[in-house]
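In this text, residue positions in the first sequence follow my numbering: the first is 53, and each later residue adds one.
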Amino acid sequence: MAQNLDRWLGGRRILEVQTPDEKFQGVGLDAVVGSTVRRAWRRAKYAVVDLDCGRSLVFHYRMTGKTVLDPEGLRRARLRIVVEPFAVVSFEDVRRFGEVWCMPTAELSDFFDRKSLGPEPWPDVRGGPWWAEALAGLRGPIKTVMMRQERVAGVGNIIASEALFLAGIDPRVSAVNLDDEQWSRLAQGVRTVIDRTLDAESGDEIAYVNAGGEGSFLVYGHAGEPCPRCGDEIVRIVQASRGTFYCPSCVG
DNA sequence: AGGACTGTTCCGCG
DNA sequence: GCGCGGAACAGTCC
53 MAQNLDRWLG GRRILEVQTP DEKFQGVGLD AVVGSTVRRA WRRAKYAVVD
103 LDCGRSLVFH YRMTGKTVLD PEGLRRARLR IVVEPFAVVS FEDVRRFGEV
153 WCMPTAELSD FFDRKSLGPE PWPDVRGGPW WAEALAGLRG PIKTVMMRQE
203 RVAGVGNIIA SEALFLAGID PRVSAVNLDD EQWSRLAQGV RTVIDRTLDA
253 ESGDEIAYVN AGGEGSFLVY GHAGEPCPRC GDEIVRIVQA SRGTFYCPSC
303 VG
């Protein structure tokens, strides 16, 4: 999403900001009208748009939010940004959990400090020892431990299931019981999932946030279907109130 | 009709 | 301290 924002908005001047969702009124978005976008980037699950007026927009998409380019209809938009050369970026979000902030760029570091976010697992290459240290002392099941944002930022429910499947690790095993080889495979698994997802989502359309968008995932959302590795049935369990998908046969 | 849902935050129990 | 259930936010899809 951040890469899209950078491609769509970088170097363009904001002509107008519309907030059809009253929840986004009072955010102070009018302050950026007339300024030009420097770049867009990402921290954890937040997308940040820096402007040359010294302010930044911060987006969090939560569960169902997405930014789309030149939408067909206006109905779904919670927020619209009109830029020149002419383009419209629309923030759409069925469940309306998503959030937007407008703040001085200089205050971003304080903003993120308050969120208590751990280091990024990507794009820097992180190996098994890095992961073992980042999650040290956490005794819960590895799948829920991987999602602890204050230890490692950005791994959510989809990436956790997918990475553990690639690594051949049982999501129920306690994090303290992983050996060096498993930490190494987990590190590679996370990296592979993110790389593959970004490859699959490199265009203007973000497929996986749409209905039926599980298509690019190996196990997530595929309970009852054959495992792509061994053909046995993928199962769904619940951990910490979240669905976990894995292949019992592949984690022995 | 009822369950499930990619995220975060808070409360409360054990 | 920690894990985790549940609730809340809110709406759609199957």
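Cβ coordinates follow ideal geometry from the N, Cα and C atoms, glycine included.
If you're wondering where the values come from, they're calculated on a predicted model, not measured in any experiment.
Residue i - DSSP class collapsed to helix/strand/coil
{"i": "P167", "result": "Just to set this straight, residue 167 is Lys in the shown sequence, not Pro. Coil at K167, not helix or strand."}
{"i": "T88", "result": "strand"}
{"i": "L61", "result": "helix"}
{"i": "L81", "result": "helix"}
{"i": "F269", "result": "coil"}
{"i": "Y260", "result": "helix"}
{"i": "E68", "result": "strand"}
{"i": "V225", "result": "coil"}
Enclosing alpha helix (DSSP H) for residue i [first to last residue]
{"i": "R248", "result": "D232 to A252"}
{"i": "G180", "result": "G180 to A186"}
{"i": "I210", "result": "N209 to A219"}
{"i": "V197", "result": "I194 to M198"}
8 Å contact criterion, which residue i and residue j should meet: CB distance rounded
{"i": "V261", "j": "F297", "result": "In fact, because the Cβ distance is near 18 Å, the residues do not count as touching under 8 Å."}
{"i": "R203", "j": "L187", "result": "5 Å"}
{"i": "A26", "j": "D122", "result": "As displayed, the chain neither begins before 53 nor continues past 304, which places residue 26 out of reach and without an answer."}
{"i": "D102", "j": "R94", "result": "Actually they are not in contact, since the Cβ atoms of D102 and R94 sit about 12 Å apart, beyond 8 Å."}
{"i": "T88", "j": "G63", "result": "7 Å"}
{"i": "G220", "j": "C302", "result": "6 Å"}
{"i": "W183", "j": "L238", "result": "6 Å"}
{"i": "T116", "j": "V146", "result": "5 Å"}
{"i": "T71", "j": "L160", "result": "Contact flag wrong, Cβ pair sits at about 22 Å."}
{"i": "V207", "j": "V242", "result": "7 Å"}
{"i": "A215", "j": "M199", "result": "So it is not a contact: roughly 11 Å between Cβ atoms."}
Residue i - containing beta strand (DSSP E), residue span
{"i": "D102", "result": "Y98 to L103"}
{"i": "V287", "result": "V287 to Q291"}
{"i": "R107", "result": "R107 to H112"}
{"i": "F297", "result": "R294 to Y298"}
Under 8 Å: do the segment 105–113 and the segment 150–157 share three or more Cβ pairs, one atom per stretch?
yes
Assess, as a yes-or-no matter, whether the segment 291–299 is touched by the segment 184–201 under the definition of 3 or more beta carbon pairs within less than 8 Å.
yes
Please go through the segment 116–172 and give each complete alpha helix (DSSP H) segment of 4 or more residues, from N-terminal end onward.
160–166
May I ask you to verify whether the segment 53–71 touches the segment 130–138, counting CB pairs closer than 8 Å and requiring at least 3?
yes
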